[in-house]
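*Asks:* Per the working numbering, the very first residue in the sequence shown carries number 15; after that it's consecutive.
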Amino acid sequence: MSGLAPKTDWRALDLLKGNRAVAVACGILAALGAAAFAPFTYDDGYITYRYASNLASGRGFAFNPGEAVLGTTAPVYALTLASLGFLTRVLAFSVAAWGSVLSLLSLAAAVLSLQTIRQEEPSGRRTLEGIFLAVLVFSARWNIEMLGSETVSVLGLLSIAFALAVRRRNEALSGLAAGLAASFRFDAGLAVAALGAALWRDRRAFPWSYCLAGAAPIAASLGWLWVTFGTWLPNTLEGKRSEFALVALGYTRSEYEWFVRSMGSAGALTTFIFALGGIAVVSRVRGRPFIFLVAFGAWLLAHEALYRIANVPFAPWYHLSAFNAILALAVAGVFAFARWITAARGWLREGLRTPVAAVVCGFLLLPVLSPAGSFFRDHFRRPPDPRIRIYRDVALEIASRSDKTGSVAAVEIGTIAYFSDRRVIDLVGLVDPEMLRARREGKVAELVFARRPDFIVDNPGFHDDFLAPLLAGGQLGLAYRELATFRRPEYPHPIRLLGRRDGLDPQPEGVRRR
């Protein structure tokens with residue numbers, strides 16, 4: 015039995031050993047990212063923040079206090095944010111700020127874990143590749159817009175788990191990191207299984223310590239959810255499936271369009287080309303590391319297949335790990351190409367090849383780095399998601415026009431709920447099973463009218479599919495009037511705030527336009 019549990023090696027925790035320069039680069043880039051974009055996230059991310067904020071303030075683990083609905087796919091991540099926010103509440107360090115901090119630390123952990131895995135590479139070459147990868151990871155718009163998402167923390171935890179396994183360090187720590195990732199988001203269980211299979215294949219013995227350590231946080235999270243909500247599955251799954259028929263583009267096309275949106279057409283093409291070169295580089299790896307590379311690739315492929323089979327619309331946070339894997343492959347490919355150029359015909363002395371290769375790589379990656387630089391310039395100190403500022407404006411207006419008992423009906427609910435601190439009626443049904451039933455039965459207008467929200471948020475981007483049937487005449491349409499219209503240059507749609515005609519309105523005769 016002694017072979018079942020490898021000796022504990024606490025050096026496994028040292029991701030900085032031999033990677034000091036890369037760690038410094040990650041620290042500088044993380045600080046720049048925090049200064050530029052913290053503490054904002056995307057709208058669905060604010061749903062998780064709302065759960066965490068309510069728990070931290072003593073109002074229970076709920077989106078709307080008093081409603082026991084599991085409406086987040088990241089309950090344990092929300093619990094983590096709530097705990098951190100509670101501990102730092104006297105410093106006014108919010109759960110949103112902690113979300114950004116955890117994401118930035120996780121991106122650094124992902125880069126440093128890859129460096130730890132690649133210790134066999136020459137140190138100078140490995141350091142330069144690590145710095146280039148850090149620059150791409152911390153500047154990529156895809157990652158920036160997902161700051162605060164649980165999937166960023168999942169990427170960091172799984173990267174640590176794979177690094178520990180590949181370096182033959184403590185399997186229990188590897189399992190604990192992987193299990194915590196799966197408790198943050200259950201789809202990470204695919205990675206947990208793939209890594210466990212790789213360990214079993216490598217050691218030719220069942221990895222008991224890995225499995226037992228990994229099972230502990232997963233079992234604890236499942237037990238907590240069952241006791242709290244009576245279910246393990248978030249209500250958001252059915253809510254997302256209900257939106258699938260409204261999506262015009264296919265899943266793969268949507269994913270590609272987001273990639274191009276994040277990097278530009280030239281940047282996306284450059285990344286894909288060099289990522290193919292990176293696959294060629296990886297395919298030449300032999301021995302133990304190859305087993306874990308295959309496991310990592312199998313996890314990503316299974317993950318991509320899962321979301322296509324699940325019949326949910328594409329969402330960028332689902333595929334953040336795959337995106338960063340493509341970045342890592344692209345860096346490996348571009349450096350291999352640069353080294354081939356500098357080594358050809360021996361035209362450079364050995365000592366000059368690495369710095370010249372770095373210059374060549376920088377030039378080749380300009381189509382990727384240029385859009386990132388433009389994004390930083392244009393969005394510095396502004397939410398990277400263009401909806402957030404305008405929704406925050408709406409939320410603050412709602413808060414100013416109502417007391418704590420006020421309520422608002424909306425399609426996108428995260429930002430509005432977080433900043434207004436008012437009860438939200440979710441017209442999609444992500445946090446409201448009753449609304450999902452009403453949508454299936456065509457009785458949304460009746461349900462909304464019965465709940466009598468004080469406000470309705472009308473975003474033209476969702477008007478035809480959700481709001482037009484509610485407001486086109488009838489009792490509900492006649493019961494509300496426009497209170498204010500909100501505009502921001504970064505968002506294409508003016509958003510209207512409607513109020514109940516019999517409700518409180520500090521400016522009943524005027525319509526404010528912003």
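Quick reminder that beta carbons are idealized off the backbone N, C-alpha and C, glycines included.
Small disclaimer: the values here were computed from a predicted structure and weren't measured.
1. Buried or exposed: which applies to Thr-245, given that a residue is buried once 16 or more other Cβ atoms fall within 10 Å of its Cβ?
2. Does the distance from the C-beta atom of Ala-230 to that of Gly-144 stay below 9 Å?
3. Let me know the secondary structure DSSP gives Tyr-494 once reduced to three states.
4. Using the C-alpha atoms, what's the distance from Asn-249 back to Val-462?
5. Between which two residues does the beta strand (DSSP E) harbouring Ile-509 extend?
6. Among the residues of its own chain, which have a CB less than 8 Å from the CB of Arg-514, if the five just before and after it don't count?
7. Can at least three beta-carbon pairs, one atom from the stretch 311-326 and one from the stretch 368-382, be found at a separation below 8 Å?
8. Buried or exposed: where does Leu-366 fall if 16 or more other Cβ atoms within 10 Å of its Cβ makes it buried?
9. Under a three-way DSSP split, which group does Asp-468 fall into?
10. Note the first and the last residue of the continuous alpha helix (DSSP H) segment covering Ile-427.
11. Under 8 Å: do the stretch 226-243 and the stretch 172-190 share three or more Cβ pairs, one atom per stretch?
12. At what residues does the beta strand (DSSP E) containing Val-299 begin and finish?
13. May I ask which residues mark the beginning and end of the alpha helix (DSSP H) holding Val-90?
14. First and last residue of the beta strand (DSSP E) that includes Arg-5?
15. Check whether the Cβ of Ala-498 lies closer than 9 Å to any Cβ atom in chain B.
16. Around the C-beta of Ser-114, are 16 or more other C-beta atoms found within 10 angstroms, so that it is buried, or is it exposed?
17. Hey, Arg-401 and Ser-416: beta-carbon distance below 9 Å or not?
18. I want to know whether the stretch 37-56 touches the stretch 437-449 - three or more CB-CB distances under 8 Å.
19. Output the boundary residues of the alpha helix (DSSP H) element that contains Arg-403.
20. Would you call Gln-129 buried or exposed, if buried means 16 or more other Cβ atoms sit within 10 Å of its Cβ?
21. With distance defined between alpha-carbon atoms, name the residue in Val-180, Ser-117, Phe-200 and Thr-141 nearest to Thr-86.
22. Sort out for me which residues DSSP pairs Val-422 with in a bridge.
23. Taking the continuous alpha helix (DSSP H) assigned at Asp-446, which residues delimit it?
24. So the candidates are Leu-380, Gly-376 and Trp-214; which of them puts its Cα closest to the Cα of Ile-305?
25. Report the option in Phe-390, Leu-69 and Ile-287 whose CA atom is closest to the CA atom of Gly-347.
26. Give me the Cβ distance between Ile-131 and Ala-92, rounded to the nearest whole Å; I'm assuming they're in contact under 8 Å.
27. Excluding the five sequence neighbours on either side, which residues of its own chain have a C-beta within less than 6 Å of the C-beta of Phe-328, listed in chain order?
28. Excluding five sequence neighbours on each side, which residues of the same chain lie with their C-beta closer than 7 Å to the C-beta of Ala-289?
29. Checking 9 Å against the spacing of the C-beta atoms, do Ala-110 and Gly-162 come in under that value?
30. Can you list, in chain order, the stretches of the alpha helix (DSSP H) that have 4 or more residues and sit fully within the stretch 318-382?
31. Tell me which residues share the same chain as Asn-325 and place their Cβ nearer than 7 Å to its Cβ, disregarding the 5 neighbours each side in the sequence.
32. Note down the Cα distance separating Ile-430 from Phe-107, rounded to an integer number of angstroms.
33. Reducing DSSP to helix, strand and coil, say where Thr-55 ends up.
34. Compare the beta carbon distance of Ala-123 and Ser-173 with 9 Å and say whether it is the shorter of the two.
35. Should the stretch 377-391 be called in touch with the stretch 400-414, which here means at least 3 C-beta pairs below 8 Å?
36. Relative to the C-alpha of Phe-394, which residue among Glu-504, Glu-411 and Trp-238 is closest?
*Replies:* Checking against the coordinates, here is how it stands:
1. Looking up residue 245 in the sequence shown gives position 231. So Thr-245 ends up on the exposed side.
2. Locating residue 230 in the sequence shown gives position 216, where the first residue counts as 1. Locating residue 144 in the sequence shown gives position 130, where the first residue counts as 1. At a Cβ-Cβ threshold of 9 Å, Ala-230 and Gly-144 do not count as neighbours.
3. Taking the first residue of the sequence shown as 1, we reach residue 494 at position 480. In this structure, Tyr-494 counts as strand in the three-state DSSP scheme.
4. Start at 1 with the first residue of the sequence shown, and residue 462 comes out as number 448. Start at 1 with the first residue of the sequence shown, and residue 249 comes out as number 235. Looking at the two C-alpha atoms, the distance is approximately 19 Å.
5. Stepping through the sequence shown from its first residue, residue 509 is reached at position 495. Under the DSSP assignment, Ile-509 falls in the beta strand (DSSP E) whose first and last residues are 509-514.
6. The residue you call residue 514 lines up with position 500 of the sequence shown. If the five residues before and after Arg-514 are omitted, its C-beta is found closer than 8 Å to the C-beta atoms of Arg-466, Pro-467, Asp-468, Phe-469, Ala-493 and Tyr-494, all from its own chain and listed in chain order.
7. Using a Cβ-Cβ distance cut-off of 8 Å, the stretch 311-326 and the stretch 368-382 are not in contact, since fewer than three pairs of beta carbons, one from each stretch, lie closer than that value.
8. Counted from its first residue, the sequence shown places residue 366 at position 352. Here Leu-366 is exposed. Its C-beta has fewer than 16 other C-beta atoms within 10 Å.
9. For this step, residue 468 is matched to residue 454 along the sequence shown. Of the three classes helix, strand and coil, the one that applies to Asp-468 here is coil, per DSSP.
10. Here residue 427 corresponds to residue number 413 of the sequence shown, with the count starting at 1. For Ile-427, there is no enclosing alpha helix (DSSP H), as DSSP marks it with neither H nor E.
11. Yes: at least three Cβ pairs fall under 8 Å.
12. For this step, residue 299 is matched to residue 285 along the sequence shown. First-last for Val-299: undefined, no H or E at that position.
13. Taking the sequence shown and counting its residues from 1, the one referred to as residue 90 is at position 76. Here the alpha helix (DSSP H) through Val-90 covers 89-101.
14. Since the first residue of the chain shown is 15 and the last is 528, residue 5 is not available in this structure.
15. The chain labelled as chain B is not found in the depicted structure, where only one protein chain is given.
16. Position 100 of the sequence shown, counting from 1, holds the residue named residue 114. With 16 or more other Cβ atoms within 10 Å, it is buried.
17. Here the question's residue 401 lines up with position 387 in the sequence shown. Here the question's residue 416 lines up with position 402 in the sequence shown. When the beta-carbon positions are compared, Arg-401 and Ser-416 stay at least 9 Å from each other.
18. In short, these stretches do not touch, since the Cβ pair count stays below three.
19. As a first step, residue 403 must be located in the sequence shown, where it is residue number 389. Secondary structure note for Arg-403: its alpha helix (DSSP H) is the uninterrupted segment 402-415.
20. Within the sequence shown, residue 129 is the residue found at index 115, counting from 1. With 16 or more other Cβ atoms within 10 Å, it is buried.
21. Residue 86 sits at position 72 when you count from the first residue of the sequence shown. Between Thr-86 and the set Val-180, Ser-117, Phe-200 and Thr-141, the nearest pair of CA atoms involves Phe-200.
22. Within the sequence shown, the letter at position 408 stands for residue 422. Secondary-structure assignment with DSSP links Val-422 through a beta bridge to Val-438 and Phe-469.
23. By 1-based counting over the sequence shown, the position of residue 446 is 432. First-last for Asp-446: undefined, no H or E at that position.
24. On the sequence shown, residue 305 is found 291 positions in, with the first residue counted as 1. It is Trp-214 whose Cα lies nearest to the Cα of Ile-305.
25. Translated into the one-based positions of the sequence shown, residue 347 becomes position 333. Relative to Gly-347, the option among Phe-390, Leu-69 and Ile-287 whose CA is nearest is Ile-287.
26. Position 117 of the sequence shown, counted from the start, is the residue given in the question as residue 131. Position 78 of the sequence shown, counted from the start, is the residue given in the question as residue 92. About 31 Å; that fails the 8 Å criterion.
27. If you number the sequence shown from 1, residue 328 lands on position 314. For Phe-328, the CB contacts under 6 Å within the same chain, skipping 5 residues up- and downstream, are Tyr-265, Ser-268 and Glu-269 in chain order.
28. The sequence position of residue 289 within the sequence shown is 275, counting from 1. Same-chain partners within the cutoff: Ile-340, Leu-343, Ala-344 and Gly-347.
29. Residue mapping note: residue 110 aligns to position 96 of the sequence shown, counting from 1. Residue mapping note: residue 162 aligns to position 148 of the sequence shown, counting from 1. The answer is yes: Cβ separation under 9 Å.
30. Entirely contained in the stretch 318-382, the alpha helix (DSSP H) runs reaching 4 residues are, in chain order, 334-357 and 364-378.
31. By one-based count along the sequence shown, residue 325 stands at place 311. Result list for Asn-325: Arg-255 and Phe-258, in chain order.
32. Counting from one through the sequence shown, the residue named residue 430 turns up at place 416. Counting from one through the sequence shown, the residue named residue 107 turns up at place 93. Between Ile-430 and Phe-107, the C-alpha separation is close to 20 Å.
33. The residue labelled residue 55 in the question sits at position 41 within the sequence shown. Thr-55: coil per DSSP, three-state reduction.
34. The sequence position of residue 123 within the sequence shown is 109, counting from 1. The sequence position of residue 173 within the sequence shown is 159, counting from 1. Yes, Cβ-Cβ distance for Ala-123 and Ser-173 is below 9 Å.
35. The count of Cβ pairs closer than 8 Å, one atom from the stretch 377-391 and one from the stretch 400-414, stays below three, leaving the stretches out of contact.
36. The residue you call residue 394 lines up with position 380 of the sequence shown. If we check each option's Cα against that of Phe-394, Glu-504 comes out closest.
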